[in-house]
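Q: If you read the sequence shown in the numbering used here, its first letter stands for residue 623, the second for the next number, and so on.
Yeah, the Cβ is synthetic: ideal placement off N, Cα and C, and Gly gets one too.
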Amino acid sequence: MTNASKVEALTRAVVGKKRAIRRLRRQGLIPGVVYGPDIEPLAIAIDRRILNKLLHEITESSLINLVVKDENGKEVLAHDVFIKNVQYDKVTDEVKHIDFYAPEKGHKMSIKIPLEIVGKAIGTEKGGILEVIHHELPVKTLPDVVLEKIEVDVTNLGLGESIHVRDLKLPEGMTPEIPEEEVIVTIAVPRGVEVEEAPAGEEEVEPEVIEKGKKEEEE
């Protein structure tokens with residue numbers, strides 16, 4: 623896991639009142655909440671500029687070191703968190719609200735990890751088309767093994783071949799939340815492109831067990 627991004631927030635006394643929320647946003651602050659298995663939900667507010675910068679730099683699987691202070695500058699919470707949900711305005715696309723999840727050590731959580739396709743598939747050089755079915759992988763994971771991304775190497779992928787969830791190498795303590803036979807990426811074969819079949823061996827070799835049996839018969 624990479625180093626956590628550090629973000630400061632303020633406690634928010636007024637919760638649920640639209641007028642107070644609008645006033646908060648006019649001040650350049652975005653309302654939010656942080657919650658988790660071992661902490662009580664805490665209403666917070668974050669500087670819009672800081673939050674927008676953060677959202678451009680990280681993903682849902684990025685670790686954030688969140689420090690929350692009260693109006694007197696006293697620290698009331700310091701915890702590693704992940705972004706759980708972001709609400710955007712349907713018209714302006716600006717952030718309206720954000721939820722942070724504070725995991726507990728040893729307690730599994732659900733999260734989506736980005737999949738990064740690397741390499742140039744040999745199948746595309748033969749006329750195939752690379753099709754990415756999943757751009758992220760939903761997993762159940764321990765917080766200390768969360769990855770920023772999972773690389774999917776397609777270099778050796780030929781025409782008509784696919785990489786499945788079961789082919790991904792995940793750390794211990796992390797399990798996929800979609801079926802293992804689910805296709806992640808495939809090399810589609812366009813009409814008119816032929817898939818070469820592997821040449822049959824010139825001479826079939828009898829299995830070792832049969833060979834052994836023959837030797838025992840001859841002795």
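1) Under three-state DSSP, which class holds valine 768?
2) Following the continuous alpha helix (DSSP H) through alanine 850, name the residue where it begins and the one where it ends.
3) Under 6 angstroms Cβ to Cβ from threonine 797, same chain only, skipping five residues before and after it: list those, please.
4) Measure the Cβ-Cβ separation of valine 767 and proline 793 and say whether it is below 8 angstroms.
5) So if DSSP puts proline 760 in a beta bridge, which residue, or which two residues, is it bridged to?
6) Per DSSP, what kind of secondary structure is glycine 658 in: helix, strand or coil?
7) Using DSSP with H/G/I as helix, E/B as strand and the rest coil, what is leucine 699?
8) DSSP three-state call for asparagine 674: helix, strand or coil?
9) Would you say isoleucine 705 lies against chain C (beta-carbon separation less than 8 angstroms)?
10) Report the residue from Ile720, Met731, Gly782 whose alpha carbon sits nearest the alpha carbon of lysine 748.
11) Check whether the Cβ atoms of lysine 727 and asparagine 687 sit closer than 8 angstroms, and answer yes or no.
12) Smallest Cα separation from threonine 777: which of Thr746, Ile733, Pro765?
13) Between Ala631, Glu803, Ala700, Asp711, which has its C-alpha nearest leucine 673's C-alpha?
14) Check the C-beta distance from alanine 743 over to leucine 779 and give it rounded, since I have them as a contact under 8 angstroms.
15) DSSP on lysine 837, reduced to helix/strand/coil?
16) What three-state label does DSSP hand lysine 712 in the structure shown?
A: On the basis of the coordinates in this document:
1) coil
2) As displayed, the chain neither begins before 623 nor continues past 841, which places residue 850 out of reach and without an answer.
3) Lys762
4) yes
5) Lys734
6) strand
7) strand
8) helix
9) Here chain C cannot be found, since the structure has a single protein chain.
10) Gly782
11) no
12) Thr746
13) Ala631
14) 4 angstroms
15) Any reading at lysine 837 must be qualified, since the residue scores a pLDDT of 48, below 50, and its modelled position is unreliable; the value itself is stated next. In this structure, lysine 837 counts as helix in the three-state DSSP scheme.
16) coil
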